[in-house]
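J.: UniProt numbering puts the first residue of the sequence shown at 1, with every later residue one more than the last. One structure coming up, written as structure tokens, with questions to follow.
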Amino acid sequence: MDRVIATAKDYRELSDKDLQHKTIEFREALASGQTLEQLIVPAYATVVEADRRILGLTPFPVQILGAIVMQYGNIAEMKTGEGKTLTATMPMYLNGLTGPGNFLITANSYLANRDAENLGRVYRFLGLTVMAGSAKAGQDDKDLDKDAIYASDIVYTTNSTLGFDYLIDNLAASQDEQHMRGFKFALIDEIDAVLLDMAQTPLIISGAPRVQSNLFESADQMITLLQKDEDLKLSDDTKKVWFTEQGMAKMTAFFDVGDLLSEANRDLYRHLVMALQAHYLYRRNRDYVIEDGEVALLDVANGRTLDGMRLEAGLHQAIEAKEGVKLTNQTRAMASVTYQNLFRMFPKLAGMTGTALTDADELRETYNVSVIPIPTNKPSIRIDQPDKLFVTNEQKIYASVEAVEAAHKIGRPVLIETGSVSMSNLYSRVLLQRGIVHTLLNARSAPKEAWIVREAGQPGAVTVATSMAGRGTDIALGEGVEAMGGLLVIGTERMTSARIDNQLRGRAGRQGEPGETAFFVSLEDKVVLENAPKRIGRFRQRYEATHEDTAMTEPLTKRRYRRVIQKSQATAEKNERGQRFQTLQFDEVFRLQRDAIYRTRDELMDATDLSSLIESLFERVAAAQAPKAPREHTAALIDFVVNHIDYEYTADALLAQIDRNATKKSVQSLLVTLMQKQLTKQHQQLPDESQFLYFQKLVILKAIDVAWVEQVDNLQQLRNITSNRSKAQRDPVYEYQKEAQRSFDLMKADIADKAVRNLMLSQMVNNIDGTVEVTYP
């Protein structure tokens, strides 16, 4: 760090041209065999000086330290306001010297475009290319030049954009349709949010629609006729719901079926279960909203709509039926990847965040990255008040709003952080009743979100936001606010992890400024309801029965109640870690299959000769189709030849070549010969060698893609089925692995069968302009 600072001072004497020439020197050094780590001192010093000249900002020593930590593939834990955005310019420049394949992953498209434009001035000054990989607000993703983006040395993008582009690239029919240049280095801003909070969110590209079921509406109608507690039961944590015997009897009578759980009624029962979940586990304006007559899913942590995301296996349609909007088509999943496996593809992964140390073990075990805390540039003087604990939500809200009102009277800015959009809306209504002017941050617009968060430190400002909204944007204090004690951050509940609580605290007291945080919690908070022992629920019931007016009650002070909150949060953290680990185990099975298919596709597109591959396909399919007793299965053989090899082949011609002494081996040889002859005929229709090679690639790729889409869909369904087997004392991951391998083996046979059929029976038309039209069988 000291050497970087000293060298940067020396570089102040350089002209712009000499400073820019450093990039050429570094690239020559890399070409001669030096490593990036050997260039850290001069390269970082170059960026420090370029930052000063272009941006008017000189990185602090602690920022340089954070940049060094990240270059070695670690997570730099840098507190809010310590300048992570500027810190990233150093490792991004250094890795950008190697050419395309380096990505800075940021929270949203607005930040990606903002930073690519602003910080891009530094990279371009030094001779590197940089682009934003995500569309701007109002811009269509199709308008982006993906070739230019992924040919850039540095790409600022979002995790979802990168993931979807990766999947789309691997659905391409030719190399000309692929844009990515490989993965080298990923630096993830707010890395804990991506690798932990979003770890279980799969990115899915959907394709061909399924045949639409007509059971969604009737199942929804049935559920509306059932009575809670009599016909169905809801768990204490409201995460599970099930039918009672009485409910089963009502539904059986309603649909007039003998046994609702029989195989014949399996599809009906599945729709009833989905309708039940739609009504009791998914809430409007908490889990989803209705926009333009469509169900749009919400990220419950920050209130953003999850564009392009849909619930699987028909659950999305069940919610649409519940809301009375037009049912969308159920589609098959064509490709899928989780963020866990997406970022494990990078040979070097680094990140920065204000809060990761509490989950350092999981990050190291899952991603092989260590968390290293970076000291603040100035000592923190923020005051973190002890939690104020109440029995009921009503008490908590009353007390917290009193604190807001007291601060607002003196003009002190207040940021109220909630755990969900619904709680944000509730606080907004209470503040309106008190006559307190405030801003409600609903996270629907990233540019507006950033502006609101920046203004949250101005005198008299009261801002209500969800816990994750506005991450990555600093809150600057307005004039006179420091004298009032700085920004007051009020947390309205304990989150599911201490890490998220620390993120909330980090909003106040940035860069040595004064600030204060206070958490108002209750025994009715979500984390307590879902994770505390049942005796706490009984205590709440007794309390409410004996206290009529509880709004102005003093907070609980006994240590045992605080331990309830702490243990509930610890249980939630443990459960979430377990869920992420199981997701990783499930997705590891999927990853192995996906990698095998994508590798096969790449090898196929790179190939200059496919004769040996095609010969092996012929042998495999012929071996599978040749019966042990050929004369007894001539009808099946004729059907296979006509529908897989040659439409014009006759039964007499086949029978003439199969005598009484025919064996499986001789018939197998005959089938291979017929395939070879038909392939020769196809070649005669397309004599140009390069065109015929392209034709072969095209039809085999088609076979792979059709079979893989089926397999992806099968694995999605299989995962849903095997996840429930834990209730039968069976390991769901083992069951999934076993069934997935069996399905994969069947898929490989299906690929061979489809590839041979495509090669043999595809129709080709030579156009006057030299192009060739191919029609698949």
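Backbone N, C-alpha and C define an ideal beta-carbon position, used for all residues, glycine too.
Please determine if the region 446-466 and the region 410-427 are in contact, where contact requires at least 3 C-beta pairs separated by less than 8 Å.
T.: The region 446-466 is in contact with the region 410-427.
J.: Do residue 583 and residue 358 have their CB atoms nearer than 8 Å?
T.: Not in contact: residue 583 and residue 358 (Cβ atoms no closer than 8 Å).
J.: How many angstroms separate the CA atom of residue 735 from the CA atom of residue 587?
T.: So the two alpha carbons sit approximately 14 Å from each other.
J.: Taking the C-alpha atoms as reference points, what is the distance between residue 331 and residue 664?
T.: Cα to Cα, residue 331 sits roughly 41 Å from residue 664.
J.: Determine the direct distance from the alpha carbon of residue 8 to that of residue 42, and round the result to whole angstroms.
T.: So the alpha carbons of these two residues sit roughly 8 Å apart.
J.: Using 8 Å as the threshold, is the C-beta distance between residue 19 and residue 50 below it?
T.: Yes, they are a contact pair.
J.: Identify, in the order they occur along the chain, each residue of the same chain with its Cβ nearer than 7 Å to the Cβ of residue 293, setting aside the five sequence neighbours on each side.
T.: Cβ neighbours of residue 293 beyond the five flanking positions: 325 and 326.
J.: DSSP has residue 488 in a bridge; who is on the other side?
T.: According to DSSP, residue 488 bridges with 414 and 516.
J.: Measure the Cβ-Cβ separation of residue 348 and residue 73 and say whether it is below 8 Å.
T.: Yes, the Cβ-Cβ distance between residue 348 and residue 73 is below 8 Å.
J.: Looking only at DSSP bridge pairs, what is residue 242 linked to?
T.: 233, per the DSSP bridge assignment.
J.: From residue 693 to residue 718, what distance separates their C-alpha atoms?
T.: In a straight line, the C-alpha of residue 693 is about 37 Å away from that of residue 718.
J.: Just checking my contact of residue 160 with residue 131 at CB under 8 Å: how many whole Å lie between their CB atoms?
T.: The pair is not a contact, with the Cβ atoms about 17 Å apart (cut-off 8 Å).
J.: What did DSSP end up calling residue 66 once you bin it into helix, strand or coil?
T.: Correct three-state label for residue 66: helix.
J.: Between the alpha carbons of residue 61 and residue 566, how many angstroms are there, rounded?
T.: Residue 61 and residue 566: Cα-Cα distance of roughly 36 Å.
J.: Beta-carbon separation of residue 618 and residue 706 under 8 Å?
T.: For residue 618 and residue 706, no; Cβs fall outside 8 Å.
J.: Using 8 Å as the cut-off, can you tell me whether the region 428-436 makes contact with the region 501-511, which would need three or more C-beta pairs spanning the two stretches below that distance?
T.: Output reads no: the region 501-511 does not touch the region 428-436.
J.: Mark residue 648 as exposed unless 16 or more other C-beta atoms lie within 10 angstroms of its C-beta, in which case mark it buried.
T.: Its Cβ having fewer than 16 others within 10 Å, residue 648 is exposed.
J.: Could you give the residue range of the alpha helix (DSSP H) that holds residue 42?
T.: Note, residue 42: alpha helix (DSSP H), 40-55.
J.: If you count every other CB in all the chains shown that lies within 10 Å of the CB of residue 107, and 16 or more means buried, which is it?
T.: So residue 107 ends up on the buried side.
J.: Work out the CA separation of residue 28 and residue 71 for me, nearest whole Å.
T.: Roughly 20 Å separates the two Cα atoms.
J.: Do you know how far the Cα of residue 703 is from the Cα of residue 751?
T.: One C-alpha to the other measures close to 5 Å.
J.: Hey, out of 78, 23, 597 and 11, whose CA is closest to residue 52's CA?
T.: Among 78, 23, 597 and 11, the Cα nearest to that of residue 52 belongs to 11.
J.: My output table needs one value for residue 616: the three-state DSSP class, helix, strand or coil.
T.: Three-state result, residue 616: helix.
J.: Compare the beta carbon distance of residue 260 and residue 248 with 8 Å and say whether it is the shorter of the two.
T.: Yes. Within cutoff.
J.: Tell me the start and end of each unbroken beta strand (DSSP E) in the region 622-647 that is at least 3 residues and wholly inside, in chain order.
T.: Counting only runs of 3 or more, we get nothing.
J.: Compute the Euclidean distance between the alpha carbons of residue 135 and residue 291, then round it to the nearest angstrom.
T.: Near 21 Å, if we compare the C-alpha coordinates of residue 291 and residue 135.
J.: Where does residue 17 land, buried or exposed, given buried means 16+ other C-beta within 10 angstroms?
T.: It counts as exposed.
J.: Do you know whose CA, among 385, 283, 709 and 662, lies nearest residue 204's CA?
T.: Residue 709 is the option with its Cα nearest to residue 204.
J.: Could you tell me which residues DSSP pairs with residue 650 in its beta bridges?
T.: DSSP, once it has assigned bridges, lists no residue as partnering residue 650.
J.: Taking the alpha-carbon positions, what's the residue 334 to residue 168 distance?
T.: For residue 334 and residue 168, the distance between alpha carbons rounds to 10 Å.
J.: Does the region 216-234 come close enough to the region 102-120 to have 3 or more Cβ pairs within less than 8 Å?
T.: The region 216-234, when compared against the region 102-120, does not touch it at the 8 Å Cβ threshold.
J.: Count the other CB atoms within 10 Å of the CB of residue 541; is the residue buried (16 or more) or exposed (fewer)?
T.: So residue 541 counts as exposed.
J.: What are the residues that DSSP puts in a beta bridge with residue 274?
T.: DSSP output for residue 274 lists no bridge partner at all.
J.: Got a sec, what are the start and stop residues for the beta strand (DSSP E) residue 388 sits in?
T.: Element bounds for residue 388: 388-390.
J.: In this structure, does DSSP put residue 130 in helix, strand or coil?
T.: It is a strand residue.
J.: Output needed for residue 727: all residues of its chain with C-beta closer than 8 Å, excluding positions within five of it in sequence on either side, in chain order.
T.: With a pLDDT of 43 at residue 727, under the threshold of 50, the modelled position of this residue cannot be trusted; read the value that follows with caution. Contacts found: none.
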